[in-house]
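Visitor:
There are 4 protein chains.
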Amino acid sequence: MNGNQFGRLFRVTTYGESHGDAMGVTVSGCPAGLELAVEDVQRELDRRKPGQSMITTSRDEPDAVEIHSGIQDGYTTGTPIGMVIQNKDARSGKYEPFVTAPRPSHGDFTYSAKFGTRNWGGGGRSSARETVNWVAAGAIAGKVLDHFDVEVKAHVNQIGDVRAPEVSFEEMLEHTEENPVRCADPDTAEEMLDVIDRYQNEGDSIGGSIYFETRGVPRGLGAPRFDSFSARLGQAMMAIPATTAFEFGLGREARSVSGYDRNEDWTFGDDGEPVPVGNDHGGIQGGITTGEPVYGEVTWHAPTSIPKEQTTVDWETGEEKRVQVIGRHDPVLPPRAVPVVEAMLNLTVLDFMLLGGRVNPDRLDAAPGEYDTDYHPSSPDDE
Amino acid sequence: MNGNQFGRLFRVTTYGESHGDAMGVTVSGCPAGLELAVEDVQRELDRRKPGQSMITTSRDEPDAVEIHSGIQDGYTTGTPIGMVIQNKDARSGKYEPFVTAPRPSHGDFTYSAKFGTRNWGGGGRSSARETVNWVAAGAIAGKVLDHFDVEVKAHVNQIGDVRAPEVSFEEMLEHTEENPVRCADPDTAEEMLDVIDRYQNEGDSIGGSIYFETRGVPRGLGAPRFDSFSARLGQAMMAIPATTAFEFGLGREARSVSGYDRNEDWTFGDDGEPVPVGNDHGGIQGGITTGEPVYGEVTWHAPTSIPKEQTTVDWETGEEKRVQVIGRHDPVLPPRAVPVVEAMLNLTVLDFMLLGGRVNPDRLDAAPGEYDTDYHPSSPDDE
Amino acid sequence: MNGNQFGRLFRVTTYGESHGDAMGVTVSGCPAGLELAVEDVQRELDRRKPGQSMITTSRDEPDAVEIHSGIQDGYTTGTPIGMVIQNKDARSGKYEPFVTAPRPSHGDFTYSAKFGTRNWGGGGRSSARETVNWVAAGAIAGKVLDHFDVEVKAHVNQIGDVRAPEVSFEEMLEHTEENPVRCADPDTAEEMLDVIDRYQNEGDSIGGSIYFETRGVPRGLGAPRFDSFSARLGQAMMAIPATTAFEFGLGREARSVSGYDRNEDWTFGDDGEPVPVGNDHGGIQGGITTGEPVYGEVTWHAPTSIPKEQTTVDWETGEEKRVQVIGRHDPVLPPRAVPVVEAMLNLTVLDFMLLGGRVNPDRLDAAPGEYDTDYHPSSPDDE
Amino acid sequence: MNGNQFGRLFRVTTYGESHGDAMGVTVSGCPAGLELAVEDVQRELDRRKPGQSMITTSRDEPDAVEIHSGIQDGYTTGTPIGMVIQNKDARSGKYEPFVTAPRPSHGDFTYSAKFGTRNWGGGGRSSARETVNWVAAGAIAGKVLDHFDVEVKAHVNQIGDVRAPEVSFEEMLEHTEENPVRCADPDTAEEMLDVIDRYQNEGDSIGGSIYFETRGVPRGLGAPRFDSFSARLGQAMMAIPATTAFEFGLGREARSVSGYDRNEDWTFGDDGEPVPVGNDHGGIQGGITTGEPVYGEVTWHAPTSIPKEQTTVDWETGEEKRVQVIGRHDPVLPPRAVPVVEAMLNLTVLDFMLLGGRVNPDRLDAAPGEYDTDYHPSSPDDE
């Protein structure tokens with residue numbers, strides 16, 4: 003409603019501005035009995051954090067997460083998990099020129115027009131810094147999904163006009179983290195770095211896209227029609243800052259394909275159940291998952307904060323002026339967005355698994371409604 | 003949650019199966035004081051209804067809507083509006099072969115797998131027939147938007163490989179309804195009809211896409227980040243049956259464009275307010291509307307119900323079999339989806355306008371919280 | 003949000019006005035595989051319907067329900083169940099005197115003040131006629147609860163100053179429906195009828211209350227704190243028209259009781275699990291059900307529509323006038339509210355059971371996530 | 003859904019356990035442009051905090067709030083406000099005896115039965131310590147309501163059998179904070195202290211109740227039926243730990259009053275608008291506010307944590323044992339619950355005012371949808 007919540011049963015609530023005091027996220031609906039340590043969350047935050055390479059902002063944030071609640075003796079208790087990430091290297095001063103003179107194509111103007119004011123340091127609430135909260139929440143969702151052998155993975159498949167060849171899920175697992183651009187094809191990664199380098203040197207930036215895929219998502223997720231799996235995944239991906247396109251399965255190419263070519267015959271799987279021959283449907287039929295991998299692409303426009311000179315207007319002085327957004331900005335977004343896409347996948351899949359009864363909403367490892375006296379990780383004897 | 007609701011303050015709740023007794027939709031949150039007649043809704047349903055031309059299903063449904071509540075003396079009362087559309091030409095018998103032998107790439111299997119059963123006549127709940135409810139609700143939303151000079155329009159911009167040139171909003175208004183394919187460029191419409199005809203004659207079907215655009219959407223709509231305008235619009239469009247891609251602004255092409263090229267300088271508009279020079283941002287910056295037109299594209303895969311022979315399996319008998327889906331099916335989806343896209347735009351925009359205080363949620367034509375004794379359309383004197 | 007929805011996973015959405023064309027209710031989230039016939043719903047509506055005795059309104063409504071969707075071959079399909087109840091004996095004409103002259107203490111003025119207009123026939127949307135929708139939805143919830151041996155029961159325990167002695171759950175089951183006042187103690191029922199008769203003869207009306215109790219509600223329902231079992235049950239009961247108090251357990255009397263007297267020791271039950279000795283806690287501890295019966299009371303003020311002369315003002319003419327509300331009105335509310343209270347209990351309990359994983363949200367009789375080829379009530383062989 | 007959220011447009015999300023690291027609350031939907039300082043929140047927290055007198059727990063918590071986001075230059079920005087209150091004096095050790103041996107009538111068992119585990123220090127999540135979050139959020143809501151001249155006030159009107167006489171709103175404002183029991187009648191306060199003292203000395207505790215009242219709540223709030231003002235207020239109050247009854251207007255007494263006696267004639271107010279003669283309706287008619295004060299009572303049972311010896315069972319050892327809950331516990335709840343009731347009133351009223359268009363959801367001091375270049379508290383010139 004107010005834009006800071008995602009999920010129905012596994013619900014994430016966030017706060018924080020880019021150069022404010024701290025970012026915070028509350029996860030409610032996480033089943034009890036999940037083994038969870040600060041390191042599980044920190045590991046994912048480290049993948050997203052700034053300053054990792056030449057192609058990311060040089061802002062120096064440790065992004066160290068504190069967990070305030072919801073854990074007892076290393077296991078979740080089923081009650082809300084509050085997490086806070088302090089902003090350490092905030093330097094809002096350099097944004098003063100933009101307080102009343104909005105940066106081109108950034109959220110400066112729309113926030114001020116909507117609210118009459120805004121936190122103007124570094125984009126404030128509109129900054130992609132917000133996604134640190136999403137990655138923290140997604141890390142917890144991912145831990146739950148591990149129990150059900152559900153895996154998600156993403157990699158950068160295009161920067162500018164450089165497009166990666168198709169890669170397998172295994173290649174994504176193996177190679178994505180090997181290079182700063184997070185492309186699972188090492189040769190393409192090199193080309194992409196060249197492209198990024200070129201735009202960066204010109205004081206410019208460039209767009210790109212991410213391919214994502216899942217393994218082990220069970221059949222039957224999705225509540226057609228308005229809450230179909232594709233509708234909610236679409237919302238999740240289009241919520242990521244600077245995205246402009248969401249596709250699944252054949253995506254945009256589906257418009258040129260005939261029904262006969264796209265349709266998939268049914269056969270029997272090894273377990274005697276019907277399975278489709280092929281996966282042009284992208285794991286979703288009639289808005290509900292088929293059990294095949296869900297895959298697709300998300301597109302980002304180029305970062306709007308660039309050193310190259312542009313024109314804006316100052317609504318206080320009524321004057322036009324030339325501006326350069328000199329800051330610590332990423333020249334391209336997808337590389338750091340890979341963990342964000344994975345987080346949103348985790349959150350979407352787990353929420354549907356809870357809604358569809360695939361995960362006990364109260365606790366992980368006991369049958370619904372049965373009280374199990376043997377299971378008390380909080381008892382002194384267990385310590 | 004259960005998939006049959008859309009919107010937060012302007013909330014639509016639906017029911018109905020393709021070959022069930024009736025379709026139904028409840029609209030809650032419509033402000034009081036809107037002049038509303040059955041004909042206002044019927045007009046939009048007539049645009050969507052089957053049997054309009056050779057390229058739509060020959061199913062003969064009058065799609066006559068009854069309004070059960072929420073209107074007094076021709077004006078809405080602010081209470082829920084219940085609408086029912088009877089299914090008149092349901093013939094579920096011919097779907098018997100598919101009860102336990104799912105049609106390729108349709109929702110038959112996923113529904114049965116999820117629920118253990120399904121309404122198997124004509125796709126049941128998974129059928130696009132459901133969108134009759136959306137169009138009925140969208141017609142009411144559109145009437146409210148008329149009060150605020152907000153307009154939405156869509157047309158078919160690609161079928162197979164035939165793509166329409168760019169057209170203006172005015173051309174869309176003028177030409178879209180002139181041809182059965184609902185393409186605002188008359189020449190392209192002819193080509194599209196040829197393509198559709200070809201696939202139909204082969205017992206096959208084909209995909210396509212729709213371009214949409216708005217006028218008058220006010221600045222400041224959208225609640226970043228999870229409920230950004232683009233995220234909710236993405237959900238709305240991806241909820242439409244058979245959609246596989248959602249794009250706004252430069253969409254998928256944004257990946258190849260530099261920040262400098264895409265960024266838009268600010269200038270002052272006629273009213274002295276900042277306005278962007280150009281609209282590559284598609285009317286949305288930082289997840290919030292800028293006041294510029296919101297535009298984009300939605301892609302549909304080809305209809306899965308085709309006469310061409312395909313293979314399926316019967317989970318009762320354990321046998322493979324060859325099937326032909328001989329029914330009354332559309333060979334292409336976008337032409338009839340144009341009013342559906344417009345309906346979802348109406349619903350999305352109005353919901354955000356209510357959330358953002360642009361429309362009085364209780365009544366249309368009085369200041370918030372003021373009781374106006376002059377306004378009583380229900381008084382006997384007014385009759 | 004807009005007041006016509008109840009429940010999170012088992013969600014009820016309603017429309018309709020007292021003297022409008024029809025009442026309607028959509029139930030979403032009902033698991034598939036529930037045997038459900040129109041008669042199951044009709045039976046409960048018949049308990050609530052008007053014209054049953056001298057102490058209920060003489061309005062003649064068959065309250066015949068139509069089910070439009072969500073059922074195949076006698077079993078629910080997991081998709082929304084649309085129901086409509088036509089208004090047959092609407093006579094709004096006699097309400098014309100009140101269009102601009104609000105009846106004392108009725109919702110006439112508040113609706114007009116809020117919306118600037120209203121459906122003025124018989125109270126329109128504010129009428130208790132709306133509860134016909136609740137009872138229809140509650141009947142379905144009750145059928146689901148039958149599968150889990152959960153029972154709810156209510157009876158009228160006070161009218162004016164006449165209070166019934168405590169009765170057992172079995173007495174409630176046996177005697178409640180035996181008398182028109184729906185009091186499970188036959189002697190008290192006679193006294194209550196006398197009281198009602200007396201007020202009715204004076205052109206007046208009288209208040210009263212209902213006692214409710216459950217059996218079989220499982221341990222562990224409720225999501226503290228804002229969605230504690232007691233908070234949601236409180237909302238449910240206070241939503242019933244004309245209620246002014248909600249109590250559970252010792253209720254209002256708890257203020258005079260010491261902790262030692264109210265606290266209940268723990269002992270071991272027959273199954274070796276801890277059980278409380280006594281039930282002063284009303285089946286809820288820490289906002290979560292203990293497995294003991296949930297019980298409490300709800301109070302109704304007297305009906306506001308009375309023949310006795312009262313004063314109102316006409317906001318059109320600016321004049322005071324004397325009015326008599328001559329219509330077909332109940333002189334007391336609790337007798338017909340008994341099925342309404344039971345419906346709200348059913349809806350509250352089932353919603354929490356779904357939220358807590360006690361009921362498979364997708365289907366009743368199969369393990370979560372397992373696809374069962376043996377279960378296809380919709381297959382031709384089963385017919 | 004998961005119990006840690008309240009409100010629709012003004013939404014509060016909480017986390018934290020009694021003896022965990024910290025309590026946290028995120029407020030979303032607070033309009034921009036509200037002058038807000040840490041002290042505004044701290045003032046209310048100080049009213050609720052422990053250790054204020056002999057009749058409150060001696061736990062020593064400064065309850066110092068940190069605000070992490072949502073404020074710029076002393077004004078809210080319209081984005082989520084994150085707040086954290088550290089737990090300083092947590093001593094969970096003394097709760098070890100109760101890890102597997104639940105305290106009588108406390109939430110120990112229900113939490114363990116639901117989740118299979120729990121944070122067992124001091125009641126963990128079930129503790130009334132959670133209400134520190136509610137008071138923090140309510141303080142912000144109260145600041146918004148100040149702009150609209152809406153006031154709420156509560157005082158303790160009964161402890162055990164000692165009941166205060168009726169007091170005026172002005173007396174409540176003047177006297178409530180003068181004595182530790184927070185009763186606006188000084189003489190009764192003395193008697194109440196005696197009663198509390200007596201129970202405390204016996205190692206026991208006692209119940210009580212609070213009377214609340216509003217001023218300035220506008221006409222037209224409430225969305226009948228399920229979201230009527232009374233239904234949502236009922237939920238709010240029954241969510242407060244240890245409450246067992248909610249009443250408004252005549253409350254439970256309404257059952258004995260006739261329609262004629264309770265009904266209120268209409269007359270014209272000073273402004274020429276209809277106003278009811280009297281307020282037996284408690285400010286709510288047909289589920290919607292009339293503009294008259296909303297008032298009612300809430301009952302608390304006695305605190306369950308008492309030194310007096312009681313019996314419990316240990317589910318690990320299978321043995322019964324005698325226990326004394328020796329800790330720092332309140333002997334009576336209402337005195338510290340006064341600010342909690344006021345907070346829940348603030349949250350309920352403001353949420354409805356936002357929903358009903360009485361408050362601009364985006365910003366306080368500008369007309370909906372108008373962009374005001376004069377209003378930029380964040381601009382450097384304003385500093």
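Chains as they are written, first to last, in my numbering: chain C, 3 to 385; chain R, 3 to 385; chain U, 3 to 385; chain B, 3 to 385.
Built from N, CA and C at the ideal position, the CB exists for glycine as well.
#1: According to the neighbour-count rule (16 or more other Cβ atoms, all chains shown, within 10 Å of its Cβ), is C:ASN4 buried or exposed?
#2: DSSP puts C:VAL315 in a beta bridge; with which residues?
#3: How long is the line joining the alpha carbons of R:ASN362 and C:TYR297, rounded to whole angstroms?
#4: Would you call U:THR2 buried or exposed, if buried means 16 or more other Cβ atoms sit within 10 Å of its Cβ?
#5: Go to U:SER232, then tell me how far its alpha helix (DSSP H) extends in each direction, as first and last residue.
#6: Measuring CA to CA, which of R:LEU36, R:ASP23, R:ALA24 and R:THR15 is closest to R:SER30?
#7: Along chain B, in chain order, which residues have C-beta atoms closer than 7 Å to that of R:ASP364?
#8: Measuring alpha carbon to alpha carbon, tell me which of B:ARG50, B:LEU175 and B:LEU335 ends up nearest B:THR246.
#9: From the DSSP output, in three-state form, read off B:THR81 for me.
#10: C:VAL342 by DSSP, collapsed to three states: which one?
#11: Counting only beta-carbon atoms, is U:LEU128 nearer than 8 Å to chain B?
#12: How should U:HIS93 be labelled, buried or exposed, when 16 other C-beta atoms within 10 angstroms of its C-beta is the threshold for buried?
#13: Regarding R:PRO336 and the ligand MG, is the C-beta to nearest heavy atom distance less than 7 Å?
#14: Between C:LEU11 and C:LEU356, how many whole angstroms is the CB-CB distance? I'm expecting something under 8 Å.
#15: Less than 6 Å between C-beta atoms, sequence neighbours within five positions excluded: which residues of the same chain meet that for B:GLY35?
#16: Going by beta-carbon coordinates alone, are U:HIS157 and U:TYR213 separated by less than 8 Å?
#17: Along chain B, in chain order, which residues have C-beta atoms closer than 7 Å to that of C:SER30?
#18: Could you name the residues of chain B that U:VAL259 contacts, counting a contact when the two beta carbons are closer than 9 Å?
#19: From the DSSP output, read off the bridge partner residues of C:TRP302.
#20: Would a check of beta-carbon distances place U:ALA34 closer than 8 Å to chain R?
#21: Chain U partners of R:ASN407, CB-CB under 9 Å?
#22: Please tell me whether R:TYR297 has its Cβ less than 8 Å away from any Cβ of chain U.
#23: Since U:LEU11 meets chain R, which of its residues come closer than 8 Å, beta carbon to beta carbon?
#24: Going along the chain, which residues of its own chain have a beta-carbon closer than 7 Å to the beta-carbon of C:PRO295, five neighbours each way excluded?
#25: C:ARG221 and C:THR291 - do their beta-carbons sit closer together than 8 Å?
#26: Hey, C:GLY261 and R:SER129: beta-carbon distance below 8 Å or not?
#27: In the region 256 to 302 of chain C, which residue ranges form an unbroken alpha helix (DSSP H) of at least 4 residues, counting only runs that do not cross its ends?
#28: Which residues in the same chain have their Cβ closer than 7 Å to the Cβ of C:PRO341, if we skip the five residues on either side of it in sequence?
#29: Just to confirm my understanding: we take U:SER114, look at its own chain, exclude 5 residues before and 5 after, and list those with CB closer than 6 Å. What are they?
#30: Start and end of the alpha helix (DSSP H) containing B:GLY205?
#31: What runs of the beta strand (DSSP E), each 3 residues or longer, lie entirely inside the region 17 to 49 of chain R?
#32: Do B:THR28 and B:GLY84 come within 8 Å of each other at the CB atom, strictly closer than that value?
#33: Which of the three DSSP states is assigned to C:ARG227 in this structure?
#34: For chain C, check one thing: does any of its Cβ atoms lie closer than 8 Å to the Cβ of R:ALA233?
Guide: Concretely, from the data shown:
#1: buried
#2: C:GLU322
#3: 42 Å
#4: This structure cannot settle anything about residue 2 of chain U, because the visible part of chain U is limited to 3 through 385.
#5: 231 to 240
#6: Answer by Cα proximity: R:THR15.
#7: GLY222, GLY358 and GLY359, listed in chain order.
#8: That would be B:LEU335, whose Cα lies nearest to the Cα of B:THR246.
#9: It is coil, neither helix nor strand.
#10: helix
#11: It is Ser, not Leu, that sits at residue 128 of chain U in the sequence shown. It does; some Cβ of chain B falls within 8 Å.
#12: Checking the sequence, you will find Arg at residue 93 of chain U rather than His. By the neighbour-count rule (16 or more Cβ atoms within 10 Å), U:ARG93 is not buried but exposed.
#13: This structure lacks the ligand MG, and indeed carries no ligand of any kind.
#14: 4 Å
#15: TYR77, ARG365, LEU366 and ASP367
#16: Yes, the Cβ-Cβ distance between U:HIS157 and U:TYR213 is below 8 Å.
#17: ASN4 and ASN6
#18: For a Cβ distance threshold of 9 Å, residue set GLY162, ILE208, GLY209, HIS303 and ALA304 of chain B lies close to U:VAL259, ordered along the chain.
#19: C:GLY210 and C:THR245
#20: yes
#21: One cannot answer for residue 407 of chain R here, as it falls past the ends of chain R, which runs 3 to 385.
#22: no
#23: MET3 and ASN4
#24: GLU215, THR216, ARG217, ASN281 and GLY285
#25: Taking a C-beta distance under 8 Å as the contact criterion, C:THR291 and C:ARG221 qualify as a contact pair.
#26: The answer is no: Cβ separation not under 8 Å.
#27: 261 to 264
#28: GLU46, ARG49, ARG50 and VAL137
#29: ARG120
#30: Where B:GLY205 is concerned, there is no enclosing alpha helix (DSSP H), given that its DSSP letter is neither H nor E.
#31: 24 to 30
#32: yes
#33: DSSP places C:ARG227 in coil when its eight states are reduced to three.
#34: yes
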